Ligand code: GDP
């Protein structure tokens with residue numbers, strides 16, 4: 001992942017090699033290359049422009065110390081700006097209430113159900129009792145998939161296969177959690193192949209009825225700019241708290257990771273890097289910037 005972007009950025013920094021200082025003239029070509037590298041990696045053009053303008057402003061007027069070359073200085077400036085672009089610092093999932101409720105949203109195939117299993121594992125490791133809730137009333141297979149995952153990770157799965165009302169199911173699940181001393185409830189909702197009005201209304205109603213302390217939007221990082229657009233659509237309706245980027249083990253070009261925060265103004269909280277239940281990491285903007293710079 002990010003190989004292409006890393007190579008191109010490296011090449012951009014090399015154009016500064018051999019220069020004694022950073023000046024408006026010699027930085028222009030580098031800035032242009034950085035911008036092109038970001039756009040090629042599927043970073044939204046406006047975001048790429050804003051960030052490279054900032055990089056340029058930062059770079060200008062900085063005295064190059066004798067110990068660092070202009071190329072090294074530029075690398076550091078880009079690292080700082082990419083870290084800021086992705087939110088600056090890590091943001092934790094909010095677990096408030098008894099039980100704390102986490103609502104998962106996203107398109108079908110985004111990796112939502114897999115993430116539900118991973119998140120349950122992650123929270124269980126903190127010695128909290130978890131209840132997984134299968135709230136997909138359209139695909140019976142989705143309920144089975146969550147049950148298999150629940151069994152695999154040793155977490156109980158609540159479902160009502162005959163009930164077609166997700167609001168009722170989630171409310172009943174929360175009541176069940178209270179009675180059975182489960183401290184965290186993770187609700188896996190229905191996903192569709194595209195954003196549609198009925199689905200949006202349904203998940204909006206679920207959110208309104210259960211008032212979760214955390215609403216997460218799960219998105220496939222391989223879908224590039226589409227990931228950012230879908231995030232925007234979901235956020236406009238759901239006002240979610242955080243993003244989960246999945247399939248970062250694939251050959252995603254990086255655009256989603258880099259643009260989502262700037263476009264949607266919500267933090268990425270987790271990254272999913274494989275099909276195994278352990279393949280989940282919290283999102284650290286600085287570590288991701290480091291990875292991008294290779
Ligand atoms: P849902 O429809 O959103 O619930 O998506 P699923 O959880 O069923 O995932 C869809 C497919 O993507 C499945 O084959 C998963 O095994 C796979 N998947 C989910 N997360 C990841 C990930 O981080 N990396 C990879 N490589 N595959 C993943």
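Numbering (the UniProt record's numbering), first residue to last: 1 to 294.
Just so you know, even glycine gets a beta-carbon here, dropped at the ideal spot from N, CA and C.
Given the structure is predicted, the values throughout are model-derived calculations rather than measurements.
Helix, strand or coil: how does DSSP classify residue i here?
i: residue 176; result: helix
i: residue 255; result: helix
i: residue 106; result: strand
i: residue 134; result: strand
i: residue 189; result: strand
i: residue 184; result: strand
i: residue 245; result: strand
i: residue 280; result: strand
i: residue 195; result: coil
i: residue 74; result: helix
i: residue 115; result: helix
i: residue 69; result: coil
i: residue 200; result: helix
i: residue 143; result: helix
i: residue 15; result: coil
i: residue 221; result: helix
i: residue 207; result: helix
i: residue 62; result: coil
i: residue 42; result: coil
i: residue 265; result: coil
i: residue 288; result: helix
i: residue 4; result: helix
i: residue 92; result: coil
i: residue 30; result: helix
i: residue 124; result: helix
i: residue 229; result: helix
Residues bridged to residue i by DSSP?
i: residue 97; result: 100
i: residue 336; result: Outside the modelled stretch of the chain, which goes from 1 to 294, sits residue 336, for which no answer is possible.
i: residue 295; result: Outside the shown range of the chain, which is 1 to 294, sits residue 295, and nothing can be said about it.
i: residue 216; result: 104 and 242
i: residue 271; result: 245 and 281
Would you mind giving the Cβ-Cβ distance between residue i and residue j, rounded to the nearest angstrom? I have them listed as a contact below 8 angstroms.
i: residue 158; j: residue 133; result: 5 angstroms
i: residue 271; j: residue 283; result: 5 angstroms
i: residue 316; j: residue 218; result: Residue 316 cannot be examined here, being either before or after the span of the chain that is shown, 1 to 294.
i: residue 146; j: residue 261; result: 29 angstroms between Cβ atoms; not a contact.
i: residue 31; j: residue 7; result: With a Cβ gap of about 18 angstroms, residue 31 and residue 7 do not count as contacting.
i: residue 82; j: residue 116; result: No, residue 82 and residue 116 are not in contact; Cβ-Cβ is about 30 angstroms, not under 8 angstroms.
i: residue 94; j: residue 120; result: With 8 angstroms as the limit, residue 94 and residue 120 do not qualify as a contact, their Cβ atoms being about 17 angstroms apart.
i: residue 287; j: residue 5; result: Not really, about 15 angstroms apart at Cβ, beyond 8 angstroms.
Next item on the list: May I ask you to verify whether the stretch 200-219 touches the stretch 93-107, counting CB pairs closer than 8 angstroms and requiring at least 3?
Entry: Contact between the stretch 200-219 and the stretch 93-107 is present, because at least three Cβ pairs lie under 8 angstroms.
Next item on the list: Mind the definition here: the stretch 14-27 touches the stretch 70-84 only if three or more C-beta pairs lie below 8 angstroms; say whether that holds.
Entry: As far as the Cβ criterion goes, the stretch 14-27 touches the stretch 70-84, which means the pair count is three or higher.
Next item on the list: Decide yes or no for the touch test of the stretch 221-228 against the stretch 138-152: beta carbon pairs closer than 8 angstroms, at least 3 of them.
Entry: These segments do not touch.
Note to self: Below 8 angstroms, how does it come out for the stretch 271-280 and the stretch 232-239: are there three or more Cβ pairs, yes or no?
What the structure shows: Touching, no.
Notebook entry, point to check: Taking three-plus beta-carbon pairs below 8 angstroms as touching, is the stretch 175-185 in contact with the stretch 123-131?
Noted result: With the cut-off at 8 angstroms, the stretch 175-185 and the stretch 123-131 touch.
Check: Quick one: any contact between the stretch 84-98 and the stretch 197-205, if contact means 3 or more CB pairs under 8 angstroms?
Finding: No, they do not touch.
Check: When the Cβ atoms of the stretch 246-259 are set against those of the stretch 107-118, are three or more pairs found closer than 8 angstroms?
Finding: Of all C-beta pairs linking the stretch 246-259 to the stretch 107-118, three or more are shorter than 8 angstroms, placing the two stretches in contact.
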